[in-house]
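A short worksheet on the structure shown next.
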Amino acid sequence: MTINITLPSMNGNRVSGESLAREALRDEPRTDEAVIYARAAALATWTFVDGLVSVLVAAGVTKIRMFGAGEKLVELMEWQAENSESPFIFSREYATPERFRDWLPRSRR
Numbered sequence: 045m046t047i048n049i050t051l052p053s054m055n056g057n058r059v060s061g062e063s064l065a066r067e068a069l070r071d072e073p074r075t076d077e078a079v080i081y082a083r084a085a086a087l088a089t090w091t092f093v094d095g096l097v098s099v100l101v102a103a104g105v106t107k108i109r110m111f112g113a114g115e116k117l118v119e120l121m122e123w124q125a126e127n128s129e130s131p132f133i134f135s136r137e138y139a140t141p142e143r144f145r146d147w148l149p150r151s152r153r
């Protein structure tokens, strides 16, 4: 499953985190891995990450890979991975320059 986080254009609260996860699960309901692409400037709040992770873990996701995230978002995801009642594997990946280009608005490519 693939999830794109484009905060701060999204509301960074628990409900928006849950909604984002549920939307991705509708597309791929039976998966054990989530790949998250996040803009480096993405707003990261504890409640957003908690909502996102709680829905993913409840659906059986055991591995989350994240590309392009800022330090705060990575820090919150790592904390969740270490302290969740249903542990999951979290890894931060580094995308290729081509992938980053795809995330940019057309005016900046």
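Letter 24 of the sequence shown, counting from 1, is numbered 68 in this note's numbering, and no numbers are missing.
We put the CB at the ideal spot given by N, CA and C, even for glycine.
6 Å CB neighbourhood of residue i in its chain, flanking five on each side removed
i	result
residue 61	92, 95, 96
residue 75	45
residue 133	107
residue 41	Beyond the ends of the chain as shown, which are 45 and 153, falls residue 41; an answer cannot be given.
Inter-residue Cα distance where the pair is residue i and residue j
i	j	result
residue 82	residue 106	19 Å
residue 69	residue 79	12 Å
residue 9	residue 125	In the structure displayed, the chain extends from 45 to 153; residue 9 sits before or after that span and is not available.
residue 67	residue 128	22 Å
residue 101	residue 130	7 Å
residue 71	residue 117	24 Å
residue 77	residue 89	22 Å
residue 122	residue 47	17 Å
Buried or exposed (CB count within 10 angstroms, at least 16 for buried), residue i
i	result
residue 104	exposed
residue 59	exposed
residue 135	exposed
residue 65	buried
residue 49	buried
Same chain, Cβ closer than 8 Å to residue i, neighbours up to 5 away in sequence not counted
i	result
residue 137	109, 110, 111
residue 99	61, 62, 65, 66, 69
residue 57	89, 91, 92, 95
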